[in-house]
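In the numbering used here, the protein residues as written are 244 to 343. Don't be surprised by glycine CBs; every beta carbon is placed ideally from N, CA and C. For reference, the structure discussed in these notes is given below.
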Amino acid sequence: MRLIVRLPICLICLLCASGSRADDLSAVFAQCAACHGADGIAKSADVPHLAGQHELYLFNQIKAFKTGRRAHKEMRYMSRQMSEAEMRDIARHYATMPSR
244 MRLIVRLPIC LICLLCASGS RADDLSAVFA QCAACHGADG IAKSADVPHL
294 AGQHELYLFN QIKAFKTGRR AHKEMRYMSR QMSEAEMRDI ARHYATMPSR
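And the structure:
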């Protein structure tokens, strides 16, 4: 199969995979909203706002919770099964939200 034929097939597979991942992440975003707010703005003073934070910062923090480099029981639990792609998608989601 030539590259020209394979490229559209690969793009279709990527689009399908990203769509299903977005559906899977809706449950994660609902869990995040419990503490960080549906709009990324936390209601509690001891919970950080996520909306408008830098994407790389958010990604690195999720990764640090997952590896245990940053200690937080609930965040360690939330991040334990996340893939790197999911962590990046979550970070991108909150980074694109408007901050207050």
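Query raised in the report: In whole angstroms, what is the alpha-carbon distance linking Arg203 and Tyr337?
Result: Outside the shown range of the chain (244 to 343) lies residue 203, about which nothing can therefore be said.
Requested in this report: Pull up the distance between the alpha-carbon of Ala276 and that of Ile284, whole angstroms please.
Outcome: What you label residue 276 is simply residue 33 of the sequence shown in a count that begins at 1. What you label residue 284 is simply residue 41 of the sequence shown in a count that begins at 1. In a straight line, the C-alpha of Ala276 is about 9 Å away from that of Ile284.
Query raised in the report: So Leu293 is in the alpha helix (DSSP H); what residue range does that whole segment cover?
Result: Along the sequence shown, read from residue 1 onward, the residue named residue 293 stands at position 50. Counting along the chain, Leu293 falls outside any alpha helix (DSSP H), and DSSP gives it neither H nor E.
**Report entry** Sequence-distant residues of the same chain with beta carbon closer than 8 Å to Leu299, five excluded per side
**Finding:** For the purposes of this step, residue 299 is taken as residue 56 along the sequence shown, with counting starting at 1. Cβ within range, chain order: Ala334.
Query raised in the report: By the 10 Å Cβ neighbour count, where 16 or more other Cβ atoms means buried, how is Ser322 classified, buried or exposed?
Result: Within the sequence shown, residue 322 is the residue found at index 79, counting from 1. Classification of Ser322: buried, given that the 10 Å Cβ count is 16 or more.
Requested in this report: With DSSP as the reference, label His315 as helix, strand or coil.
Outcome: As a working mapping, residue 315 is identified with position 72 in the sequence shown. Looking at His315 - three-state DSSP - the assignment turns out to be coil, as it is neither helix nor strand.
Query raised in the report: By Cβ distance, which residues of its chain are closer than 7 Å to Pro251, with the 5 residues on each side in sequence left out?
Result: Position 8 of the sequence shown, counted from the start, is the residue given in the question as residue 251. Only weak support is given to the placement of Pro251: the predicted model assigns it a pLDDT of 42, under 50, and the value that follows is read from those uncertain coordinates. For Pro251, where only same-chain residues beyond five positions count, there are no Cβ hits under 7 Å.
Query raised in the report: For Val271, which of Glu329, Phe302, Leu301 and Gly295 has the nearest alpha-carbon?
Result: Residue mapping note: residue 271 aligns to position 28 of the sequence shown, counting from 1. When only C-alpha atoms are compared, the closest one is Glu329.
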